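Some notes on the structure that comes next.
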Amino acid sequence: MKKVLYIELENCIGCRSCLAACTQCGGHEERNRNYVIDVNPFVDRQTMPMMCLHCENPPCARSCPVQAIQVHETGAVLSAMTEKCLGCQNCTIACPYGIPKFDVEQNLMYKCDLCIDRTKDGIPPMCASVCPTDTLQWVTEEELAVKKSQFRLSNGMMASMEDPYLENKTNVHVSLPGILEGKEKLF
Amino acid sequence: MLGDKALKDVPKNVIHPNEELIKTHCSYCGMQCGMNLRVNTKTNKIIGVEPRYEWPVTEGKMCPKGVTAYQQTNHKDRLLKPLIRDDASKKGTKEGFREASWEEALDLIVKNFKSLQGEYGEDTVSVFSGVSMTNEKCYLTGKFARVALKTKYIDYNGRFCMASAAGGSLRSLGVDRGSSLPWTDLHQTDCLFIAGSNTAECHPTSMYRVWEVQNRGGYLIVVDPRETPIARRADLHLDLRPGTDLALANCMVHLLIKNGHIDEEFINQHTNGFEETKELVELFTPEYTSEITGVSPEKLIRAAEIYGKAPNAIVMFARGVEQQSKGVDNVSSYINMALVTGKIGRPKAGVATFTGQGNGQGGREHGQKSDLLPGYRKITNPQHVKEVCEVWGITPEEMPGPGVSAYELFELMDKKEIRGMYLLCSNPAVSAPNLNFVRNAMKNLDFMVCSDFYLSESAEFADVVLPTTTWSEDEGTVTNLEGRIIKINQAQKPIGESKTDWEIQIEIAKRYGKGKYFEHLKTAKDIADEFRLATKGGNADYSGATWEKIEEQNGVFWPCNEENVNGTPHMFLDKKFYHPDGKAKICALPYRPPAEEPDEIYPLRLTTGRVVYHYLSGNQTRRIPFLKDMCPEPYVEIHPELAVKYQIEHDELIRLYTRRGEATYKVKITEAIRKDTVFVPYHFGHKESINLLTNAALDPMSRMPEFKVCAAQIEKL
Ligand code: SF4
Ligand code: SF4
Ligand code: SF4
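Next up, the structure:
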């Protein structure tokens, strides 16, 4: 059963376990590849993970002059192939979220590959495996559909990103804050 | 994803070439998250972690401490050989240690302890222990102190952690199992009432169950002076003044009675003390309680209404309410909520404390506490003493009497009544309150031994430091925060010359001429077998919890004995509590303020706590690069309005001081704290320790110091 990464931003507690766990994936050379942001640190403890969304027509790969960034058959947008990458950093600039990181010493880009070692065999990526709050979830398409139908905001917007896509179509799905809005209470 | 559904669809693990996975649990907090340690089969070394998806409590989830826990084992700071310091004038520093052989170190320990005991009596040597280690080690440490060293002065760091929860549960329910129900019930309840727990940072892997309650339409009520990450999303955040829980809980009971949300049948049949309590809480109207706590009457009324109406609800609490000079009363007063409503003794409803240390539950049950023997037996009860003596092979006359609590040990050191200390599995030079006093007491000891795997701040006061093993180099059981006995497995052989604490204690016992009581214990399993026997018939009965059963059933909930062969996930299902008449006690508890209230000179309230990146004194986690990067130093959280008053800015260094001490901290401005309260995390050593400032006012029953509130002042530098 195909599963996808789904992000429920509201749940995040900023523990950064996702980052610590990222280093544990086989192909990751013990470097973490995503970000967790303090949304408004002087006000409250809201945090959010900034993960690669694995775009369907990824600006990072399209911007690469030497096609170093490949798209895996699962849809995962892989890290730059070390033998090809020129270190031009086009990808970092092209990515709407600034995801690709840059190793200055090696002059190489590295980014989230959705733990391709794991996800190619249907095993959840490390971040979603450990996330203590279910901010990062590895869900089936059916589970995702339920989430999307559930989270509708009163202003008519969707709490879950759907058409129209913010930038373009992505393999990772994100809910915007407001998932409990309109939730019917048990009593 | 959550619960039973997920268990049907457990992901596989990734096993890399030349690696094997060893199933175990995290070394740190009471959640005891399941994990697999990745071991390189060529070097036989631990090299990483892989989620343990099939573990029912946490399903692969781990906080950043758990993910990086494996980095402790082969860390460059590991102590590989015993260390001796000949020049006592260097005590209190890292200087002056030389490497020594085990022979020399152990001989020196026995020579010095014996000569002190010869001159000043057996009780002049004390044992200060901890509960971040297996039940087998905790059990043996109690036996070691009483049978080998023959001292009555043994106590442990749980006095700074779980003692009030234990005291409150014992008084209210007659038994001290931290949770009356398994954690797998949490997300299925309709209302979580959580007081004094920064769950998101201290027990992060509970959080997916907490959020699920809300996702199902249930309610989350959080009682905390700070808007912690769990309070941020709560349906109701009761932002009380630190140290006023007892008033708040009394108000809840007042309102539950007033609104008719009580279960009279349950009260009549299964409890005592309702009428006195009803009379006492009469006073605690929302308006009166609001004056004391600073929480608006509307919020108090709404909280009681939600809890009262909830078909099922769980009252949970942690160190925020427990680390007070009335911690035991706070615990009993929150348990009152469950007892007057009858929301206990059935699935999805009950009470639970969040156990702090990995084995905070098991470690307190089996004889490291000054007044307890294995199986939660009392050392003051002749029958209990007799039962344990039979297992240990000593006579009741040989059993030392009750000693004193952890902080009081330091008071006796100061008075020279205690002149020697054997310290293991703890770092009181950071974690004890009123540190100027405590550090001085340690410095003036005639002879001190510290067993640790790193040179902790406390080891700096020792004459001999013994290199012990990490959790990953030994095996045994621990009891997690549910009361579930689980198995820790060895993933790597001890590095260097390090030895397990049980091996060290047996070696010392032999040199003490007490070999015959210890020599038969050759493996951790041998200790486990004797330990289970020693618990038989006690309240915390582990006699049926064999390692095989633990493996088969994913852990065993105590009591596990002939009556409950498979253990007891849910307590009190028969509505029988553990007092002699089978009834629980609803407690009438008059409010009293914290030991130290703000005044003109010290107008602020200081409270302390954890951050998600560090564990306890930080001796372990401050050495892990990822965790250190994320939180390298302490800070003081200050509300912007308070900052304006003191004309201080974010990131500015200020002096924070109380009647006991002072320290310099960087300011962290945040609206997520009360305007009259400042917060500092407690994981840091030397000059950065907030415990230089905290108050050692002890709870009269649990002897728990009042870490969570004292009066303080800020000075701009
Ligand atoms: S692990 Fe989950 S909760 Fe923690 S920071 Fe990452 S996304 Fe947020
Ligand atoms: S989010 Fe950025 S890095 Fe990820 S696929 Fe899209 S463009 Fe590339
Ligand atoms: S510290 Fe606690 S919550 Fe974090 S991984 Fe370890 S046991 Fe789990």
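Protein chains in written order, with UniProt numbering: chain A, 1 to 187; chain B, 1 to 717. Note that beta-carbon positions come from the ideal geometry of N, C-alpha and C, so glycine has one too. Note that this is a predicted model, so its numbers are computed, not measured.
- Between S101 of chain B and the set B:E662, B:L698, B:V465, B:L21, the nearest pair of CA atoms involves B:V465.
- Within the segment 115 to 143 of chain A, D117, R118, D121, G122, I123, P124, M126, S129, V130, C131, P132, T133, D134, Q137, W138, V139, E143 place their CB atoms closer than 8 angstroms to a CB of chain B, listed in sequence order.
- For G350 of chain B, the uninterrupted beta strand (DSSP E) run begins and ends at 350 to 353, by DSSP.
- Under the Cβ distance rule, L186 of chain A counts among the residues neighbouring chain B, one pair being separated by less than 8 angstroms.
- When DSSP reads this structure, S126 of chain B sits in a beta bridge with B:M421.
- By a beta-carbon distance limit of 8 angstroms, T353 of chain B contacts G178 of chain B. Their separation comes to about 5 angstroms.
- For S451 of chain B, the uninterrupted beta strand (DSSP E) segment begins and ends at 447 to 452.
- V404 of chain B is positioned such that its CB atom lies closer than 8 angstroms to that of S370 of chain B.
- Between the segment 104 to 122 of chain B and the segment 526 to 545 of chain B there are fewer than three C-beta pairs closer than 8 angstroms, too few to call the two in contact.
- Straight through space, the alpha carbons of R241 of chain B and H579 of chain B are spaced by roughly 34 angstroms.
- Of all residues in the segment 646 to 666 of chain B, only H650 come within less than 9 angstroms of chain A when Cβ atoms are compared, listed by chain position.
- For ligand 3, residues qualifying as neighbours are B:C26, B:Y28, B:C29, B:M31, B:Q32, B:C33, B:M62, B:C63, B:K65, B:G66, B:H203, B:P204, B:T205, where qualification means a beta carbon closer than 6 angstroms to at least one of its heavy atoms (chain order).
- Separation of N268 of chain B and N440 of chain B (C-alpha to C-alpha, rounded to the nearest whole angstrom) is 53 angstroms.
- At a cut-off of 8 angstroms between beta carbons, Q24 of chain A contacts chain B.
- Not one heavy atom of ligand 1 sits closer than 7 angstroms to the Cβ of L108 of chain B.
- If you draw a straight line from the Cα of K525 of chain B to the Cα of E551 of chain B, it comes to about 14 angstroms.
- The Cβ atoms of F266 of chain B and G342 of chain B sit closer than 8 angstroms to each other.
- Taking a contact to require three or more Cβ pairs closer than 8 angstroms, the segment 188 to 208 of chain B and the segment 221 to 235 of chain B qualify as touching.
- F437 of chain B sits in a helix when the DSSP states are folded into three classes.
- In the structure shown, S179 of chain B adopts extended strand secondary structure according to DSSP, grouped into three states.
- For L653 of chain B, the three-state secondary structure derived from DSSP is strand.
- Checking the 7 angstroms criterion, the Cβ of K343 of chain B is out of range of every heavy atom belonging to ligand 2.
- Relative to ligand 1, R38 of chain B has its C-beta separated by 7 angstroms or more from all heavy atoms.
- In the structure shown, S197 of chain B falls within a coil segment according to DSSP collapsed to helix, strand and coil.
- One finds nothing in chain B with a Cβ atom closer than 9 angstroms to the Cβ of N34 of chain A; even the nearest lies about 14 angstroms away.
- The continuous stretches of beta strand (DSSP E) do not include C251 of chain B, which lies in the alpha helix (DSSP H) extending over residues 245 to 258.
- For L180 of chain A, at least one C-beta of chain B is nearer than 8 angstroms to its own C-beta.
- Counting other Cβ atoms within 10 Å of its Cβ, A145 of chain A stays below 16 and is therefore classed as exposed.
- Close partners of E227 of chain B in chain A (Cβ separation under 8 angstroms): D44, R45.
- In this structure, the alpha-carbon of R233 of chain B lies about 57 angstroms from that of D107 of chain B.
- Listed in chain order, the positions of the segment 2 to 14 of chain A with a beta carbon within less than 9 angstroms of a beta carbon of chain B are E8, E10, N11, C12, I13, G14.
- No residue range can be given for V131 of chain B, since it is assigned to no alpha helix (DSSP H) and is classified by DSSP as neither H nor E.
- Look at C161 of chain B here: in three-state DSSP terms it is coil, with no helix or strand label.
- Minimum Cα-Cα distance from L181 of chain B among the listed residues B:Q647, B:I586, B:G567 corresponds to B:G567.
- A residue is listed when its beta-carbon falls short of 6 angstroms from at least one non-hydrogen atom of ligand 2; in chain order these are A:C52, A:L53, A:H54, A:C55, A:P58, A:P59, A:C60, A:V77, A:C95, A:Y97, A:I99, A:P100, A:K111.
- L589 of chain B sits in coil when the DSSP states are folded into three classes, being neither helix nor strand.
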